[in-house]
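Engineer: Residue numbers (full-length UniProt numbering): 1 to 247. The C-beta atom is built at its ideal place from N, Cα and C for all residues, glycine as well. Owing to the predicted nature of the structure, the values given are computational and were not obtained by experimental measurement.
Shown next, in the form of structure tokens:
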């Protein structure tokens, strides 16, 4: 029985978030520049997206570029931005064939104009697709996102549009960049690191965390399937006892 066949479609996580880590280390092992790792990481993205569609995952969010990544060497940033543009242009056809809608979250205005334009064009072109929503977290930081949400709510209070006593979890989450998505049930990080690196801090409150030693360029759909199978073996209690969950 294949790994895909072992997945229980009745216990499938609707939303999977991934921290794609290890491109630089993978390139170093090959004796190449870090950019070589990013280029090969695109293959992992393609295979993972197709695997998510095969499994029936509705939402897949990939941590592609953090606000902290702007501090990297200018050469690497320029190469990453160019890679982003070329990848979007090349992969839009594949997204259309797999009925995948492209989405993006983060401080997108900080992206170079060419990147922003190509991204918006791809988002518009795939907007009617329904099988899976692929979200790229670009120029993203969870602390930035939370501060932005607080700022928006503060403006509503200041303008008399919202009473402070009416601020609820639902109101707050409605101001996050993921407002139209369910919270991730499963978060995967590659490369053996055990931290979430300022990624979806609010949304990951009850997510199952899965860490793999695989470096991102080596990650494939079978690795995604293994993570889903591992997730399905866990008991999700949300503060309740095992007895309550089973009753």
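(1) Report the three-state DSSP secondary structure of residue 10 (helix, strand or coil).
(2) Roughly how many whole angstroms lie between the Cα atoms of residue 144 and residue 80?
(3) Are the CB atoms of residue 211 and residue 44 within a distance shorter than 8 Å?
(4) Just reading off the beta strand (DSSP E) that residue 236 is part of, what are its end residues?
(5) So, residue 88 versus residue 118, is the Cβ gap smaller than 8 Å?
(6) How is residue 211 classed by DSSP in three states: helix, strand or coil?
(7) For the alpha helix (DSSP H) that contains residue 116, what are its first and last residues?
(8) Restricting to runs no shorter than 3 residues, where is the beta strand (DSSP E) found entirely within the segment 114–200?
(9) From residue 128 to residue 74, what does the alpha carbon distance come to, in whole angstroms?
(10) Quick one: grab the DSSP three-state call for residue 34.
Structural biologist: On the basis of the supplied data:
(1) In the chain shown, residue 10 corresponds to position 10, counting from 1. Residue state, collapsed to three classes: helix.
(2) Translated into the one-based positions of the chain shown, residue 144 becomes position 144. Translated into the one-based positions of the chain shown, residue 80 becomes position 80. If you take the alpha carbons of residue 144 and residue 80, they lie about 21 Å apart.
(3) Position 44 of the chain shown holds residue 44. Position 211 of the chain shown holds residue 211. The answer is no: Cβ separation not under 8 Å.
(4) The count along the chain shown starts at 1 and reaches residue 236 at position 236. Premise fails: residue 236 is in no beta strand (DSSP E) and is neither H nor E.
(5) As a first step, residue 88 is located in the chain shown; it is residue number 88 there, counting from the start. As a first step, residue 118 is located in the chain shown; it is residue number 118 there, counting from the start. Against a cut-off of 8 Å, the Cβ pair of residue 118 and residue 88 comes out as a contact.
(6) The residue labelled residue 211 in the question sits at position 211 within the chain shown. In this structure, residue 211 counts as strand in the three-state DSSP scheme.
(7) On the chain shown, position 116 is the one that residue 116 refers to. Unbroken alpha helix (DSSP H) run through residue 116: 113–125.
(8) Runs of the beta strand (DSSP E) inside the segment 114–200: 132–140, 186–189.
(9) Within the chain shown, residue 128 is the residue found at index 128, counting from 1. Within the chain shown, residue 74 is the residue found at index 74, counting from 1. Answer to the nearest angstrom: the Cα atoms are 36 Å apart.
(10) In the chain shown, counting from the first residue as 1, residue 34 sits at position 34. In this structure, residue 34 counts as helix in the three-state DSSP scheme.
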